[in-house]
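Quick note: the sequence shown uses our numbering, first residue 444, plus one each step. Every residue, glycine too, gets a C-beta built ideally from N, C-alpha and C. Quick caveat: nothing in here was measured; it's all calculated off a predicted structure. The structure under discussion appears below in the form of structure tokens.
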Amino acid sequence: MLFRRTLALAVAAVALLGLVGTAGSAEPDAKLTPGDAEFVMVANYQQLLNSALFKKYGMGPLNQQLQDPQVKQALQGVGLDPLKDIDMVTVSASNLKDDKSGKVFVAVKGRFDLTKIDAAAQKEGLKSEKAGNLTVYETKGGDPAYFAFPDKSTMILSNKKDYLLDVHGGKVKPGKNAAELKAALAKANAKDSIYMGLVITDDMKAQLKNNPQMAALAPKLNSVTASINVTDAAQVDVLINTADAATANQVSMSLKQVVPLLKVILQGQENVPPVVGEVIDKIKIGTTGSSVTIGLKITDEMIEKAMKGK
Numbered sequence: 444m445l446f447r448r449t450l451a452l453a454v455a456a457v458a459l460l461g462l463v464g465t466a467g468s469a470e471p472d473a474k475l476t477p478g479d480a481e482f483v484m485v486a487n488y489q490q491l492l493n494s495a496l497f498k499k500y501g502m503g504p505l506n507q508q509l510q511d512p513q514v515k516q517a518l519q520g521v522g523l524d525p526l527k528d529i530d531m532v533t534v535s536a537s538n539l540k541d542d543k544s545g546k547v548f549v550a551v552k553g554r555f556d557l558t559k560i561d562a563a564a565q566k567e568g569l570k571s572e573k574a575g576n577l578t579v580y581e582t583k584g585g586d587p588a589y590f591a592f593p594d595k596s597t598m599i600l601s602n603k604k605d606y607l608l609d610v611h612g613g614k615v616k617p618g619k620n621a622a623e624l625k626a627a628l629a630k631a632n633a634k635d636s637i638y639m640g641l642v643i644t645d646d647m648k649a650q651l652k653n654n655p656q657m658a659a660l661a662p663k664l665n666s667v668t669a670s671i672n673v674t675d676a677a678q679v680d681v682l683i684n685t686a687d688a689a690t691a692n693q694v695s696m697s698l699k700q701v702v703p704l705l706k707v708i709l710q711g712q713e714n715v716p717p718v719v720g721e722v723i724d725k726i727k728i729g730t731t732g733s734s735v736t737i738g739l740k741i742t743d744e745m746i747e748k749a750m751k752g753k
């Protein structure tokens, strides 16, 4: 599925550089977001990295990876300190219905030593070619990805070379879902650790119609807005944006029936810690205007219980 490829490319954008592994509406940099995008996810990397929750549970494993001799050598080779030199990652995707025609664009903001990166790419034998003032590199193995550095503070990457160049050159025109995606992102908070907007496309609606319970509602579903804000806890908020308040109420009622059933199913599974039931009980479902609201606060205590299998 394209979503798996999208996430894989997002990881690749960082892996290529040696990594393994006041509220306001959110509107990503237009130069880093293709006009035909139907999905956009933005990760405020430094905000996440410096959160109390990540420092407690994520910093140790990350530092352990960074001390791996191969990773350490690769990072030194490209002159990158992943704890300081990465600021933000933006992942966009369009034509979500098909893996082959689907297009992914990733932008990483930070500080890059272009001389060292070029030397490392040549040493690894990566193919490269000039496109105007831009040097485009091609990854090795499997389906290739293409990446380039418009300047020393920006890395761009895509699964299609022509698309990479078109986005960089401002040649990608707004698609038919551009306004819907912008509306979904406007409901997010740009200061959250991670936020995203997803348009529920005509193809998605057609698939939803195959579910008898969703057949009547599918045409009235517009988009999804989601965010995760990590501090000393992780606050997860999801909005299902619909055509009207009546539809939002119907979707909300359906979800309220499904969640208890989910708890029963999971509690009957082996290797599922009891805390999962506690987490499900904490999910709050409601409506605001024409949007369904889903909220969950994941606390330090919940994570401790999950790690201990309690």
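query, result
"Count the other CB atoms within 10 Å of the CB of E744; is the residue buried (16 or more) or exposed (fewer)?", "exposed"
"Let me check understanding here. Comparing Cα to Cα, which of M502, A550, V521 lies closest to V483?", "A550"
"Counting only the same chain and skipping the five closest in sequence on each side, list residues whose C-beta sits under 8 Å from that of T730.", "A688, A691, N692, S695, T736"
"Going by alpha carbons, who is nearest to I529 out of N576, T597, L641?", "T597"
"If you scan the stretch 483 to 543 from start to end, which runs of the beta strand (DSSP E) of 3 or more residues do you find wholly inside it?", "529 to 537"
"Put E567 into one of helix, strand or coil per three-state DSSP.", "coil"
"Below 7 Å CB to CB, which residues in the same chain sit around G711 once its five sequence neighbours on both sides are set aside?", "none"
"State the beta-bridge partners of I726 as determined by DSSP.", "The partner list for I726 (beta bridge, DSSP) is empty, contrary to what the question assumes."
"Under the rule that 16 or more other beta-carbon atoms within 10 Å means buried, what is E397, buried or exposed?", "Here the chain comprises residues numbered 444 to 753, so residue 397 is not present and cannot be evaluated."
"Taking three-plus beta-carbon pairs below 8 Å as touching, is the stretch 671 to 685 in contact with the stretch 625 to 636?", "yes"
"Would you kindly report the start and end of the unbroken alpha helix (DSSP H) that includes T476?", "Note, T476: premise wrong, no alpha helix (DSSP H); not H, not E."
"What does a CB cutoff of less than 8 Å around V642 pick up in its chain, not counting 5 residues either side in sequence?", "E481, F482, N620, E623, L624, A627, N665, S666"
"Here's a check: name, in chain order, each residue in its chain whose Cβ is nearer than 6 Å to the Cβ of Y638, leaving out the five neighbours to either side.", "A469, V485, A631, S670"
"For P525, tell me which candidate among S733, T582, K474, F555 has the shortest Cα-Cα distance.", "F555"
"Going straight from the alpha carbon of G467 to that of G640, what length do you get?", "Low local confidence applies: a pLDDT of 49 at G467 is under 50, so the model's placement there is unreliable, and no value is given."
"Tell whether a beta-carbon distance below 8 Å holds between A591 and T582.", "no"
"Classify T685 as helix, strand or coil using the three-state DSSP reduction.", "strand"
"What are the boundary residues of the beta strand (DSSP E) that includes I741?", "734 to 741"
"What's the C-alpha gap between A658 and Q650?", "9 Å"
"Tell me the rounded alpha-carbon separation between G613 and K603.", "16 Å"
"Could you check where the beta strand (DSSP E) with K546 kicks off and where it finishes?", "546 to 553"
"So if DSSP puts S666 in a beta bridge, which residue, or which two residues, is it bridged to?", "V642, N684"
"Sort out for me which residues DSSP pairs A591 with in a bridge.", "I599"
"Do V547 and Y488 have their C-beta atoms closer together than 8 Å?", "no"
"Where does N653 land, buried or exposed, given buried means 16+ other C-beta within 10 angstroms?", "exposed"
"Cβ of L557 versus every heavy atom of the ligand ATP: is any distance shorter than 7 Å?", "No copy of the ligand ATP occurs in the structure displayed, which carries no ligand at all."
"Taking the alpha-carbon of K498 as reference, which of A564, V521, T674 has the nearest alpha-carbon?", "T674"
"Across which residues does DSSP place V579 in a beta bridge pair?", "E572"
"Going by the DSSP bridge assignment, what does A677 pair with across the sheet?", "V673, I741"
"Output yes or no for whether 8 Å exceeds the beta carbon distance between V740 and P716.", "A small fix is needed here, since residue 740 is Lys in this sequence, not Val. For K740 and P716, no; Cβs fall outside 8 Å."
"Closest to S636 by CA distance: which of K552, V514, L491, A661 is it?", "L491"
"Apart from the five residues on each side of it in sequence, which residues of its chain come closer than 8 Å, Cβ to Cβ, to G618?", "G478, D479, A480, E481, S537"
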